[in-house]
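A.B. asks: Just so you know, we're using our numbering here: the sequence shown kicks off at -2 and counts up by one. We put the CB at the ideal spot given by N, CA and C, even for glycine. Note that this is a predicted model, so its numbers are computed, not measured. Have a look at this one before I ask anything.
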Amino acid sequence: MLLDLTRIQGPRAHVERAYGLDQFDARGDDFRVVEPIGLVFDVEKKADVFRLVGRVTTALELGCSRCLEPFRLPVNSAFDLRYLPQATNRGGEEDEVGEDALDVAFYEGEAIDLGQMLREQFYLVLPMKPLCRLDCRGICPVCGANRNTVECGCEAKWEDPRLAPLKGLRGHPDDREP
Ligand SMILES: [Zn+2]
Ligand SMILES: [Zn+2]
């Protein structure tokens, strides 16, 4: 999944790529890719700086943080990234990177690693707390049933465990009367 920079001759180029499910290696990632990846972008070349402006579309599968069931997250994200040669990433060139350093990335040799770029785009859209749906009812803490699909009828009473020791102290106020 490399973009060969030697093949970008003029100051501008248009690139369209499609990747099958098995082409993106998501082993070790918090998601699975479950739809082919579409990648469309324009490249602007200025000396050894390449600006990539485009969009990625696919769908990821995540585990719900409440009920643990897998669910799909559609991805349709725009990006605008500037790629500098790796050699300039060794300090001293802060001025060139400028204030929008978030959108600056680096390439090594004569290719941009589009797989790494896609991975970063995917992590940008991952929610902090993935939920299969906003009102996911999660797993019953008593019997372990998925409460989205089963009415287990367990008593859903939750007590703050930090308060439990205080209960014993409060028991019989009358005892403390002289
Ligand atoms: Zn859920
Ligand atoms: Zn239950």
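1. Measuring only the C-alpha atoms, how far is residue 115 from residue 137?
2. Quick one: is the Cβ of residue 139 within less than 8 Å of any heavy atom of ligand 2?
3. Between the region 44 to 53 and the region 14 to 23, do at least 3 Cβ pairs fall closer than 8 Å?
4. Which full runs of the beta strand (DSSP E) of 3+ residues lie inside the region 17 to 97, going along the chain?
5. Compute the Euclidean distance between the alpha carbons of residue 119 and residue 76, then round it to the nearest angstrom.
6. So does residue 150 have its beta carbon nearer than 8 Å to some heavy atom of ligand 2?
7. Counting along the chain, where does the beta strand (DSSP E) carrying residue 147 start and finish?
8. Measuring only from the beta carbon, is residue 56 closer than 8 Å to any heavy atom that is part of ligand 2?
9. From the DSSP output, in three-state form, read off residue 116 for me.
10. Report back the beta-carbon spacing between residue 144 and residue 134 to the nearest angstrom; my notes put them in contact at under 8 Å.
11. Considering only C-alpha positions, which residue in the set 74, 130, 103 is nearest to residue 83?
C.D. replies: This is what the structure gives:
1. Taking the first residue of the sequence shown as 1, we reach residue 115 at position 118. Taking the first residue of the sequence shown as 1, we reach residue 137 at position 140. For residue 115 and residue 137, the distance between alpha carbons rounds to 36 Å.
2. Taking the first residue of the sequence shown as position 1, residue 139 is located at position 142. The answer is yes for residue 139.
3. no
4. 34 to 43, 46 to 60, 67 to 82
5. The residue given as residue 119 occupies position 122 in the sequence shown. The residue given as residue 76 occupies position 79 in the sequence shown. Approximately 11 Å, taken between the alpha carbons.
6. Position 153 of the sequence shown, counted from the first residue, corresponds to residue 150. True, at least one ligand heavy atom lies under 8 Å from that Cβ.
7. Translated into the one-based positions of the sequence shown, residue 147 becomes position 150. For residue 147, no beta strand (DSSP E) encloses it, and the DSSP letter there is neither H nor E.
8. Reading the sequence shown from its first residue, position 59 is the one you call residue 56. Residue 56: no, Cβ never under 8 Å from ligand 2.
9. As a first step, residue 116 must be located in the sequence shown, where it is residue number 119. Taken through DSSP and simplified to helix, strand or coil, residue 116 comes out as helix.
10. Residue numbering aside, residue 144 sits at position 147 when the sequence shown is read from its first letter. Residue numbering aside, residue 134 sits at position 137 when the sequence shown is read from its first letter. Rounded, the Cβ-Cβ distance is 4 Å, consistent with contact.
11. Position 86 of the sequence shown, counted from the first residue, corresponds to residue 83. The option with the nearest alpha carbon to residue 83 is 103.
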